[in-house]
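Just so we're aligned, residue 1 is where the sequence shown starts under UniProt numbering, counting upward by one. Working notes for the structure below.
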Amino acid sequence: MYLLLHQEEPLKMFFLNYMQKESFSGVDSKKINLLLVLVLTVVSQFRILQKDLMLKLQKYKIQSKSTF
Numbered sequence: 001m002y003l004l005l006h007q008e009e010p011l012k013m014f015f016l017n018y019m020q021k022e023s024f025s026g027v028d029s030k031k032i033n034l035l036l037v038l039v040l041t042v043v044s045q046f047r048i049l050q051k052d053l054m055l056k057l058q059k060y061k062i063q064s065k066s067t068f
């Protein structure tokens with residue numbers, strides 16, 4: 001989990017800067033941290049999925065070229 005969050009440092013910094021600028025009166029900081037972890041995890045999973053799909057696409061292109 002730490003590795004995924006560590007890879008998303010620019011996004012994490014964006015959220016931290018946004019949280020500092022905006023007023024979160026009445027919102028628990030634990031809920032904000034949980035939301036931040038959730039968003040970063042989802043973004044990380046989408047990036048992993050994107051990389052996986054790109055690799056499969058490259059493999060498919062290579063296979064289709066070799067059949068002709």
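Think of the CB as a built atom: it goes at the ideal place given N, C-alpha and C, for glycine as much as any other residue. All figures in this text were calculated on a predicted structure; none of them were measured in a lab.
Quick check on Asp-28: does DSSP put it in helix, strand or coil?
Looking up residue 28 in the sequence shown gives position 28. In the structure shown, Asp-28 sits in coil (DSSP, three-state: anything other than H, G, I, E or B).
Output the distance between the C-alpha atoms of Leu-16 and Gln-63, rounded to the nearest integer angstrom.
Translated into positions along the sequence shown, residue 16 becomes position 16. Translated into positions along the sequence shown, residue 63 becomes position 63. About 45 Å.
Does the Cβ of Leu-40 have 16 or more other Cβ atoms within 10 Å, making it buried, or fewer, making it exposed?
Sequence index remark: in the sequence shown, residue 40 carries index 40 (1-based). Leu-40 is buried by the Cβ-count criterion.
By how many angstroms is the C-alpha of Met-54 removed from the C-alpha of Lys-21?
The residue given as residue 21 occupies position 21 in the sequence shown. The residue given as residue 54 occupies position 54 in the sequence shown. Going from the Cα of Lys-21 to the Cα of Met-54 covers about 37 Å.
Could you tell me whether the Cβ atoms of Val-37 and Leu-11 are closer together than 8 Å?
Stepping through the sequence shown from its first residue, residue 37 is reached at position 37. Stepping through the sequence shown from its first residue, residue 11 is reached at position 11. Not in contact: Val-37 and Leu-11 (Cβ atoms no closer than 8 Å).
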